[in-house]
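One rule links them: number in my numbering = place in the sequence shown (from 1) + 293.
Don't be surprised by glycine CBs; every beta carbon is placed ideally from N, CA and C.
Notes for the one structure printed next.
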Amino acid sequence: MLVRLLYASRAIDDVSQEELMTILSQSKAHNPASGITGVLCSSGRLFMQLLEGGRMQVNALYNQIAADAR
């Protein structure tokens with residue numbers, strides 16, 4: 294079953310352009326293998342992301358994101 298998950302988060306510290314590019318590179322490398330697509334928007338410390346894919350894959354990825362201490 295295809296699901297969509299939209300969430301917002303706030304980084305603890307400022308996120309540099311280099312860190313943001315690393316996040317995007319890792320997403321591009323790992324998400325397609327899990328059948329996940331989406332979009333990431335950021336403004337300063339604020340992030341909004343839409344994830345789309347299978348329910349189990351999206352839940353697993355969101356749990357990883359939620360555990361990220363940044």
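Do residue i and residue j have their C-beta atoms closer together than 8 Å?
i, j, result
"Leu-343", "Arg-297", "yes"
"Leu-339", "Arg-303", "yes"
"Val-351", "Ile-329", "yes"
"Leu-313", "Glu-345", "no"
Using the DSSP secondary-structure output, state which residues sit across from residue i in a beta bridge.
i, result
"Gln-342", "Tyr-300, Leu-333"
"Leu-313", "BP columns for Leu-313 are empty, so no partner."
Would you mind working out which of the options sits nearest residue i, comparing C-alpha positions?
i, options, result
"Ser-336", "His-323, Ala-322, Gln-310", "Gln-310"
"Arg-363", "Tyr-300, Asn-356, Ile-305, Leu-295", "Ile-305"
"Ile-358", "Arg-348, Ile-316, Pro-325, Gly-347", "Ile-316"
"Gly-347", "Tyr-300, Ala-360, Gln-319, Gly-331", "Gly-331"
Got a sec, what are the start and stop residues for the alpha helix (DSSP H) residue i sits in?
i, result
"Val-351", "348 to 359"
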